Amino acid sequence: MNCEKIVFEVQDNFQKQTYRNRSYIYSANGKLLLNIPVLHNKNGIRQSTKDVRIENSFQWQKLHFKSLQSAYRSSPFFEFYEDDLSPLYEQKQNFLLDFNLKCHEFIMDAIQEEITTEQTTQYDINPSINDCRFLANAKQHTRKFDFKPYVQVFDDKHGFISNLSILDLLFMKGPNTFDYLKSQNT
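For the sequence shown, this note's numbering begins at 1 and goes up steadily by one.
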């Protein structure tokens, strides 16, 4: 959480099963996957992350938002952020990158933090900056963050579940989210 700028990698080849189109939330039944459907290139040619289109032929946004409402309606801060969050699930985006950038903007506004962002213009296999691209890989377990437990909506049923969407933390900690993140030793 100590950075001056975030550089989003958009020139790499899109890979399936990454956090670019999925996240996990804490539902009444435990960990729940929210997956954004994407259109894959039909001719088998790899596509850049910036070119990945969202499959909007069914109402995934409505389903995701209902899942968030069901999971977090009773959390301390869901209603505080609900009106600012809902446009993400009401306005259709054609590209996954556009949706993700809007989500990032929502989170930065919610935690009241300003960090300069930019997008890559070419793929650099060995960048000269702190490279966190590996964090997008949902299947790579080389480094999990070991956050200190905090109260979660259903922890009385399932205990603390780590590595969920930042929305879980936001809905539980509200304005204290950023302070919590800064206090972690990860």
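Here a beta-carbon is modelled for each residue, glycine too, at the ideal position from N, C-alpha and C. The structure displayed is predicted, hence computed values, not measured ones.
| query | result |
| --- | --- |
| I need the straight-line Cα distance from H104 to F95, nearest angstrom please. | 15 Å |
| Use the C-beta contact count for N41: other C-beta atoms within 10 angstroms, 16 or more gives buried, fewer gives exposed. | exposed |
| Ends of the alpha helix (DSSP H) at S67? | 60 to 72 |
| I believe Y26 touches I161 by the beta-carbon criterion, under 8 Å. Please report the beta-carbon distance rounded to the nearest angstrom. | 6 Å |
| By Cβ distance below 6 Å, which residues in the same chain neighbour P37 in space, the five residues on each side in sequence not counted? | E55, W60 |
| Report buried or exposed for T49, applying the criterion of at least 16 other Cβ atoms within 10 angstroms of its Cβ. | buried |
| For F95, does the three-state DSSP call read helix, strand or coil? | strand |
| Identify whether E113 lies in helix, strand or coil by the three-state DSSP scheme. | coil |
| With DSSP as the reference, please indicate the residues paired to S23 in a beta bridge. | L34 |
| Run through DSSP, which three-state label would D51 get? | helix |
| Could you tell me the distance, in whole angstroms, from the CA atom of Y150 to the CA atom of E114? | 25 Å |
| Evaluate C45 with the Cβ neighbour count: other Cβ atoms within 10 Å of its Cβ, from every protein chain shown; 16 or more gives buried, anything less gives exposed. | In the sequence as presented, Cys is not what sits at residue 45; that position holds Ile. Flag for I45 reads exposed. |
| So the alpha helix (DSSP H) Y81 belongs to, where does it begin and stop? | 78 to 90 |
| Which class does L39 belong to by DSSP, given the choice of helix, strand or coil? | strand |
| Here's a check: name, in chain order, each residue in its chain whose Cβ is nearer than 7 Å to the Cβ of G174, leaving out the five neighbours to either side. | P76, F77, F80 |
| Give the single residue among Q47, F178, L170, T117 whose Cα lies nearest to the Cα of D84. | L170 |
| Can you tell which of N29, R20, R73, N35 has its C-alpha closest to the C-alpha of F58? | N35 |
| I'd like to know whether the C-beta atoms of L39 and R53 end up nearer to each other than 7 Å. | yes |
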